[in-house]
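Novice:
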Amino acid sequence: DAGVIQSPRHEVTEMGQEVTLRCKPISGHDYLFWYRQTMMRGLELLIYFNNNVPIDDSGMPEDRFSAKMPNASFSTLKIQPSEPRDSAVYFCASSYGLSNTEAFFGQGTRLTVV
Amino acid sequence: AQTVTQSQPEMSVQEAETVTLSCTYDTSENNYYLFWYKQPPSRQMILVIRQEAYKQQNATENRFSVNFQKAAKSFSLKISDSQLGDTAMYFCAFMKLRGKLQFGAGTQVVVTP
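Read top to bottom, the protein sequences are chains A and B.
Position 71 of the first sequence, counted from 1, bears residue number 78 in our numbering, the numbering being contiguous throughout.
Position 50 of the second sequence, counted from 1, bears residue number 51 in our numbering, the numbering being contiguous throughout.
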């Protein structure tokens with residue numbers, strides 16, 4: 008398996024624009040996580056899905072952020088409208104099961120909002 | 002709420018030497034999991050080692066070992082025979098049963114020749 012695949016790897020956008028980050032989890036994994044990494048706040052869990060259903064979105068910063076998982080092999084994280092403070096590295100991770108299992112991370116998307 | 006504290010922002014170690022990274026956590030749970038993840042300059046998050054709280058034996062993975070002190074809520078990582086490729090940010094993480102991974106702030110390890 009190629010691992011968790013995220014696209015794009017880098018994204019630069021202007022404030023106010025819509026941004027869509029994409030993730031393909033490892034085949035067979037039933038959990039998918041979206042994390043955000045910043046210098047100030049470290050690694051934060053934004054939302055996670057189990058079998059394509061959002062389980063906990065308490066980490067989503069505000070209504071400008073939304074995440075979907077239309078099927079087991081694809082998820083998106085959308086920011087609309089984007090703001091400079093959204094600049095961060097966004098990671099997607101997947102796992103089979105929860106807790107006693109390894110979460111495999113993608114290489115992240117570095118988002119810069121100017 | 003659980004918190005994970007890594008008190009060392011940066012550690013430097015010479016090749017072939019040993020370095021120990023500290024991690025403490027706060028929880029009222031009895032059963033949980035602890036992890037160390039490595040993030041090299043490539044940005045990829047890689048699992049280094051995992052410990053189940055109900056196991057008293059400390060986990061070991063090749064040159065990486067942990068010292069898990071449940072009563073003290075301490076989970077340190079020892080890197081033995083350090084190699085240049087070990088240079089990375091190391092994150093301690095906590096997960097309660099069926100919970101979310103919570104990360105510490107990280108410790109930057111720099112291995113020098």
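Where a beta carbon is used, it is the ideal one built from N, C-alpha and C, also for glycine.
Pick helix, strand or coil for Pro91/A, following the three-state DSSP scheme.
Specialist: helix
Novice: Using beta-carbon positions only, say whether Leu118/A and Ala100/A come within less than 8 Å of one another.
Specialist: no
Novice: Could you spell out the range, first to last residue, of the beta strand (DSSP E) harbouring Leu102/B?
Specialist: If you look at Leu102/B, you'll find it isn't in any beta strand (DSSP E); DSSP assigns it neither H nor E.
Novice: When the cut-off is 8 Å and only beta carbons count, does Gln45/B lie next to chain A?
Specialist: yes
Novice: Between the alpha carbons of Glu69/A and Gly10/A, how many angstroms are there, rounded?
Specialist: 29 Å
Novice: Quick check on DSSP: helix, strand or coil for Gly115/A?
Specialist: coil
Novice: Determine, using beta carbons only, whether Lys101/B comes closer than 8 Å to chain A.
Specialist: yes
Novice: Taking a cut of 9 Å between CB atoms, which residues from the segment 48 to 82 of chain B lie near chain A?
Specialist: Within the segment 48 to 82 of chain B, Leu48, Arg51 and Glu53 place their CB atoms closer than 9 Å to a CB of chain A, listed in sequence order.
Novice: Less than 8 Å between the beta carbons of Thr108/B and Glu11/B, yes or no?
Specialist: Cβ distance < 8 Å, so Thr108/B and Glu11/B count as in contact.
Novice: Output yes or no for whether 8 Å exceeds the beta carbon distance between Ala106/B and Gly115/A.
Specialist: no
Novice: Determine whether the Cβ of Ala106/B lies closer than 8 Å to any Cβ atom of chain A.
Specialist: Yes, its Cβ sits closer than 8 Å to a Cβ of chain A.
Novice: With Ser89/A and Pro32/A assumed to form a contact (beta carbons below 8 Å), what rounded beta-carbon distance in angstroms separates them?
Specialist: Going by Cβ atoms, the distance from Ser89/A to Pro32/A rounds to 24 Å, so no, they are not a contact pair.
Novice: Please report the Cβ distance between Leu28/A and Thr83/A, rounded to the nearest whole angstrom; I am assuming they are in contact, meaning their Cβ atoms lie under 8 Å.
Specialist: 7 Å
Novice: Would you kindly report the start and end of the unbroken beta strand (DSSP E) that includes Ile12/A?
Specialist: Ile12 to Ser14
Novice: Going by the CB atoms, is the gap between Tyr33/B and Glu54/B shorter than 8 Å?
Specialist: The question names Glu, yet the displayed sequence has Ala at residue 54/B. Yes, Cβ-Cβ distance for Ala54/B and Tyr33/B is below 8 Å.
Novice: Have a look at the DSSP bridge pairing and note the partners of Val1/B.
Specialist: Beyond the ends of chain B as shown, which are 2 and 114, falls residue 1/B; an answer cannot be given.
Novice: Can you pull the chain A residues whose beta carbon is under 9 Å from the beta carbon of Phe92/B, in chain order?
Specialist: Gly49 and Leu50
Novice: Against chain B, does Ala110/A count as a neighbour if the rule is that its beta carbon must be under 8 Å from one of theirs?
Specialist: yes
Novice: Looking at the secondary structure, which residues open and close the beta strand (DSSP E) in which Gly49/A lies?
Specialist: Gly49 to Asn57
Novice: Please list, in chain order, the chain B residues whose beta carbon lies closer than 8 Å to that of Gly35/A.
Specialist: Under the 8 Å cutoff, chain B gives no residues; its nearest Cβ is about 18 Å from Gly35/A.
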